[in-house]
Amino acid sequence: MEPHWIEGFKGKIIAGVGCFAHLPTHQSISRNWNKERRWEGHVRTTRPFVRLKVLCCALSAVLLLPAQAQVVTATIQGRVYDTSGAAISDATVTAANPATGLTRSTTASATGDYQITLLPSGDYTITAEKSGFQKAAKKIHLDIGSSGNLDFNLPVGQVTQQVTVQDVGEVAEPTRTMVSSVIDQQQIQSLPVNGRQFIDFALLAPGVTIGDTTSGSTDVIIEPVTKLSFAGQNIHYNFVAIDGADNMSTASGIQKTTPSEEAVQEFRVVNSSYSTEFGRAVGGIVNIITKSGTNDLHGSLYEYFRNDAMDAKNALAAPGGFNKLRQNQFGGTLGGPIVKDKTFFFGNYEGQRHSESPYYNSAVLTNIDAINSAKVNVFGLPAENLRVNRTINYDNFLVKLDHSFNEKHSVFVRYFFNDQRSTNLSPLNDGFDLPSGFKNNNFRDQSLVGNFVSVFSSSLVNEARVQYAHRFFDFPVVSTQPHLEVSNVFTLGVNRGNPDFYQESRWEFVDTVTKTAGRHTISFGGDFNHVNTIESFPLFYPFEADFGSLNAFLGQDFVGAPHPFVIFFERFDAASGFNEPSFNTSVYQGGAISSALRNQAKGELGHTYEGLFVEDKWRATSNLTVNYGLRWEGETWPSAAINNPLKNFDPRAGFSYAVGGQRSFVIRGGAGLFHGTIPSPLLMCQIPSCGGTIGKFPGRENVQDDLNAKTRLSAFGADPFTMAAELSGMLGPGLTAAVYPNPSLDAVIVRFDKNHKPPYGAQISLGIEFQPFKDAVLDITGLHVRGVHLGSFFNVNQPDPAGQLPFHDSRGNLGLKNMYCANFPCFPPVIAPGVRCAVFTGCAIPAGFLGFAVDFEADSKWDSVWDGLLVNFNKRLNHHVGWGVSYTWSKGIDNGPNPSFVLIPQDSCCLNKERAVSADYVKHRFVANATFDGPTHVNHLVNNWELSTIVTLESPHYFTKFAGFDSNGDIFGNNDRVGIESRNTFKGDSYQTVDLRVSRTFNITEKFHLQAMAEAFNLLNTLNVRFFNTAYGASDFCPAGGPSYCGTGPFFREGSPNPSYGTPRALFNPRQIQLAVRMTW
């Protein structure tokens, strides 16, 4: 059997606001139907003793070793030689930052090579000198994470007092092996970005897209951040660091809030790194550094303003023209010296006051009167009011102190605080729920980071880092109405797919040692994180009823009354054996859940992350650099939950060969393994409330958990007429005697596989880089990524197939499909009136699972493959013009890794049937950005104008065609597809947008400047659909005059019985305009 680390390699762009007034003021939808009767939108416009030993070793190593040091600093290296090309040994090379007074020196080796590591990014003057030779000086800029190369040719002569400083600007990186892009300060300050979430700039890099949250699934924690996908990987497999410190939320698996755009110096987007310093990311890495003070006092004050009066109307706005947006973002910065060349400060405050009207699924807007009629007359619940107001307000600040004790020792301390208050937020995906399901959200993020750098000698440097971070996240429901869902279309009432509350605290310790020995730079190190999470997760209370279609919800089909295909409900009071036959009617009518019940749904989880690595960066020749090393990742969970694996070794190697020449031609490549973390949202649900029983419960692997849940989730399902009767009984007169159904298959279990493996990615790349002209770099890279042991859920208690029936795909091909718990005649595409289906007759329940309805097991059986061509061109702003282009061609295939227990495999026995193009697959993505900086000393009319733009073009995403109900009779219906159709065959629409900024700077005094700007996002008001309604409404695509098992018709291969099929569920923003004023000094 091959070692597991081999496994992964197998298989591999006006001048003023007035111009906006002539653009279209609304989006107009035209519904055209193609052969699948899908909607096409367009715009009418001008267009866990062994473990203890390992842990002790890890902790000891943390006091000595490096983890992610040079990730957020820079290195300058090169060679010193004379005019004949002979090496000059013992030459002194000094790097000096005039803004802070920082100086670092080293001595060239016998071969003339030198290297200075752990330099903060910024502008430097690099000098080289030795007695008997003339002194040389060069001015350069070092980016975050860069490894610049700078050679010196010293003529024979005397060291003079005056030295001409050569302005080199950006230095080449011929020794860099990672595939990455830098977003610098000029881009952050000049380019338009919607919402001023600076991390959106990562989308300028190739291989990066907005991550898909698949239609019908639920994010466990709703994070107010942009969710990124790198190389087609799931949004939970990335890593974001700020000043080298972990900024990930363990509970959600997504990055937490980040500092204001005004507080960020620059960041690097890493698609693939073959340095073993990087860890805990299968996908990509974003390294962010915040600003520091300098010897000059600098500051800013700013205000950004929005109003819907300037915007186009959202095509999915609430009825009656309710299309509201008010936003003010305001703040300021101040930075400067406390003691010149020694101690500096920087601070930033930003606030936001935001109010908007939500938008809704087109299926809801079309049927809202009928939906409200059913809510009032059948369920006794208040009607939906779509004209509600959503607010998102926050206040945050950052304070940073830098101090240099002397040339050898320095420290910085940074504190970040963010307090956000929101009302009427959607806990689901965009456009999937109605106001009765909205929740309020108050959360607070805090982090305190200390970083210490010590230079023991010119060849030995140490960096230590410590962080304490804390998050308080309250997500209470606005209403506790029951959760009523038309499967894959929309939901009403409270959604329990996310917690009501959680808090998380993190301690992080990192240390870095870098030793230079001749042509070798040896790094070794480690990091340690301890995270503690407390969470309250009262699932499915008072109950959830899932309906197979809008007509089933309205009671307008053959049954003649509303009939769900399944009812879920949560039972509390574990001490009495979950004896709660009736539900609390006050809760049903919108009252609050009692503290006693909420506390029963609370759980606590403590776990750790550890990482150790060793690496050698070897300059084998003046042209060839080789990186090679080994990283170990550890992750410990409570042993009751997971048998913690401790064999996660990641070998990596990369090379860079500088061919040289006038164009600085470089060839680089590499291969390696990259372990990520187990998505903890899968586990947190299990511990507080999803275990489903007192004591241990079974699994297919004969492994038992002893995580005793305090609540029990139950499920009830039967034939349509029985379901209608049970629902009617629950909704008895006045709800005074409302009793839950007595299910024959009781508990629904959500649990972890004890042998769950951590995910990892196998990556390999090969690329070239050259400078087509001055200040410009073109990088072309081929990248292959295979994801292994990716996490998701499946139903281990799915009954054994009762048999198979012939079904079709959308092209008319015929095949067999597994059917469960049902007599065959119960599942034609249209159930004839009067036909009663004994849905749970003859269920072949797996041994050991009797009494359990569904057992959702979080496992690591999933994988993915992504191949891409990444093209990245950047020209630095010079001579009034700076621009860049990124292009990605890719193909992504997976079998459905999505840490949600909604979109589980349709057939748990056959994961190969889930294999299809990925939900994050985008074949082509093109992004261009440009900045045009006007003259400064011509005349008052044309001076200091600036125009910048971002243009994005993207191929369609793909979505799954759902049946919309339990079409295969296995109790669970959210994942059922039409016929034998594979996942993700519904082709969405392409994405096209142009963002534009026009600004002018007025020089009030020599030091004070006022900038006025206008921005337009989606300037051409293009209608971009984010999600579609893909509930088809039938079991099969049956051809006209088809076999008898298709029933008597109607037939829907070229159409759909669901009139909302193919219509938009959510849109990207229409044209929005923002005005701003910014004063700097």
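Mapping the sequence shown onto this note's numbering, position 377 (from 1) lands on 383, and the numbers just tick up by one. We put the beta carbon where it would ideally sit given N, CA and C, even for glycine. All figures in this text were calculated on a predicted structure; none of them were measured in a lab.
DSSP places residue 466 in the strand class (E or B) of the three-state scheme. Contact between residue 260 and residue 214 is ruled out by a C-beta separation of about 15 angstroms, above the 8 angstroms threshold. With respect to residue 441, residue 362 sits apart: the two C-beta atoms are not nearer than 8 angstroms. Contact fails between the region 997-1008 and the region 977-986, because fewer than three Cβ pairs, one in each stretch, are under 8 angstroms apart. Ranking 495, 436, 635, 538 by CA distance to the CA of residue 526 puts 635 first. For residue 802, DSSP records no beta bridge to any residue. Taking every protein chain shown into account, the CB of residue 248 has 16 or more other CB atoms within 10 angstroms, so this residue is buried. In the DSSP assignment, residue 781 falls outside any alpha helix (DSSP H) and carries neither an H nor an E. Secondary structure remark: continuous beta strand (DSSP E) runs of at least 3 residues inside the region 223-264, in chain order: 234-236, 245-248. For residue 122, the enclosing beta strand (DSSP E) covers residues 119-125. By the criterion of a C-beta distance shorter than 7 angstroms, residue 785 is surrounded in its chain by 773, 775, 878, once the five residues flanking it on both sides are discounted. Nearest in C-alpha terms to residue 366, of all of 1080, 1064, 1031, is 1031. Just measuring C-alpha positions, the residue of 945, 971, 942 sitting nearest residue 912 is 971.
Nearest neighbour of residue 463 by Cα position, chosen from 413, 572, 861, turns out to be 413. If you look at residue 316, you'll find it isn't in any alpha helix (DSSP H); DSSP assigns it neither H nor E. Excluding five sequence positions before and after residue 671, the CB atoms of its chain that fall closer than 8 angstroms to its own CB belong to 664, 665, 774, 775, 776, given in chain order.
DSSP, read as helix, strand or coil, puts residue 726 in helix. Residue 938 and residue 576 have their C-alpha atoms roughly 60 angstroms apart. Burial is judged here by how many other beta carbons sit within 10 angstroms of a residue's own beta carbon; residue 610 has fewer than 16 and is exposed.
Distances from the CA of residue 314 to each of 238, 360, 537 were compared; the closest alpha carbon is that of 360. Under the criterion of beta carbons closer than 8 angstroms, residue 999 and residue 964 do not qualify as touching, at roughly 20 angstroms. Using a Cβ distance threshold of 8 angstroms, residue 814 and residue 540 do not count as a contacting pair.
Per DSSP, residue 684 lies in no beta strand (DSSP E) and is assigned neither H nor E. For residue 634, the three-state secondary structure derived from DSSP is strand. When DSSP states are grouped into helix, strand and coil, residue 531 belongs to the strand group.
Take residue 87, set aside five residues on each side of it, and the residues of its chain with a beta-carbon closer than 8 angstroms to its own are 93, 94, 118, 157, 158, 159, 160, in chain order.
The shortest C-alpha to C-alpha distance from residue 130 to any of 136, 897, 111 is the one to 111. Contact between residue 321 and residue 1029 holds: CB atoms are separated by about 6 angstroms, below the 8 angstroms threshold. Scanning the region 886-950 from its first residue to its last, the whole beta strand (DSSP E) runs of 3-plus residues come out as 887-900, 930-939. Excluding residues up to 5 positions away in sequence, 150, 151, 186, 188, 293 lie with their Cβ nearer than 6 angstroms to the Cβ of residue 274 in the same chain. Nearest neighbour of residue 115 by Cα position, chosen from 465, 194, 510, turns out to be 465.
The beta carbon of residue 973 lies closer than 6 angstroms to those of 982, 1041 in the same chain, with the five residues before and after it left out. Nearest C-alpha to residue 1010 among 1087, 378, 959, 563: 1087. Assignment of residue 164 by DSSP, reduced to helix, strand and coil, places it in the coil class. Taking 8 angstroms as the cut-off, the Cβ atoms of residue 256 and residue 537 count as close. Around the CB of residue 918, fewer than 16 other CB atoms lie within 10 Å, so the residue is classed as exposed.
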